[in-house]
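*Asks:* Residue numbers (this note's numbering), protein chains in the order written: chain A, 9 to 125; chain B, 980 to 1090.
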Amino acid sequence: KAGVTQTPRYLIKTRGQQVTLSCSPISGHRSVSWYQQTPGQGLQFLFEYFSETQRNKGNFPGRFSGRQFSNSRSEMNVSTLELGDSALYLCASSPGGDSLYSNQPQHFGDGTRLSIL
Amino acid sequence: KNQVEQSPQSLIILEGKNCTLQCNYTVSPFSNLRWYKQDTGRGPVSLTIMTFSENTKSNGRYTATLDADTKQSSLHITASQLSDSASYICVVRVYGQNFVFGPGTRLSVLP
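#1: Who are the Cβ neighbours of A:G36 in its own chain at under 8 Å, not counting the five residues just before and after it?
#2: To be precise: take each residue of the region 60 to 94 of chain A, compare its Cβ to all Cβ atoms of chain B, and keep it if any distance is under 8 Å. Which residues remain?
#3: Going along the region 1028 to 1058 of chain B in order, which residues come within less than 7 Å of chain A, judged by CB to CB distance?
#4: So which residues of chain B does A:F116 contact, with C-beta pairs closer than 9 Å?
#5: Spatial neighbours of A:Y57 within its chain, please: C-beta separation below 6 Å, excluding the five flanking residues on both sides.
#6: Using alpha carbons as the reference points, say which of B:Q1076, B:R1040, B:T1019, B:S1064 lies closest to B:P1090.
#7: To the nearest angstrom, how far is it from the Cα of B:L1086 to the Cα of B:N1011?
#8: Checking 8 Å against the spacing of the C-beta atoms, do A:D118 and B:G1022 come in under that value?
#9: Under DSSP, the beta strand (DSSP E) around B:Y1041 begins and ends at which residues?
#10: Judging by CA-CA distance, which residue of A:V12, A:N79, A:S78 is the nearest neighbour of A:I34?
#11: Cα separation between A:T22 and A:I124?
And the structure:
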């Protein structure tokens, strides 16, 4: 079974630009979560999607948005990029359902390394 | 405020030795506690998941313990291998909500 796939693996952008990151979950998984990881802040939750609906959201500005498609694939968009957005962006999938209350493991992709110049 | 702390920040041990990593949390309401291993440049990989009623769980050479009364967890690694060199992240799920991540412990295993 293929794991979680994130594309691209590396991305370089300049301030003010926007970027779209893609995540393909494990087949059959309906929940997709996005995280930002930086050396200073560690892992921080961005948002979670289940069945094309945003179910949960972290404390990030509105420049960070996402969506999920009917095949459970998800995209994350960051507009008006800032230097502080440089980070590893991780996507994780789980089977879904009542995952907010469940003990299902999350399966992470290897992330997209975003560098802002 | 929901918070997860880990100690030590970093640890160096010799191959074959055992080690224990610590995690303290103040999260409410508590759902479950997870330990992840993250190799450099890779995404985290789940090692164990424990609920309130579980106080120990093993995954090969990894054994996690949970004391829900003191809100402490530990991850014990037995007979360390070079491949154990990684960051180990303690994560607590807030019931019905999202996750709270610890800062991680960076483990280096030397030959």
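We treat Cβ as the ideally placed atom computed from N, Cα and C, and that holds for glycine.
Source: prediction; values computed, not measured.
*Replies:* In short:
#1: The residues are P103.
#2: In summary, the residues of the region 60 to 94 of chain A whose CB is separated from some CB of chain B by less than 8 Å are N64, G66, in the order they occur in the chain.
#3: When CB distances to chain A are screened at a threshold of 7 Å, the residues of the region 1028 to 1058 of chain B falling below it are I1028, T1030, in chain order.
#4: Ordered by position in chain B, the residues that pass the 9 Å Cβ test against A:F116 are Y1015, Q1017, R1021, G1022, P1023, V1024, S1025.
#5: Here the set comprises V40, Q76, S82.
#6: When only C-alpha atoms are compared, the closest one is B:S1064.
#7: Across the structure, B:L1086 and B:N1011 are spaced so that their CA atoms are roughly 24 Å apart.
#8: Yes.
#9: Run containing B:Y1041: 1041 to 1046, per the beta strand (DSSP E) assignment.
#10: Of the candidates A:V12, A:N79, A:S78, the one whose C-alpha sits nearest the C-alpha of A:I34 is A:V12.
#11: Using only the alpha carbons, I get a separation of about 5 Å.
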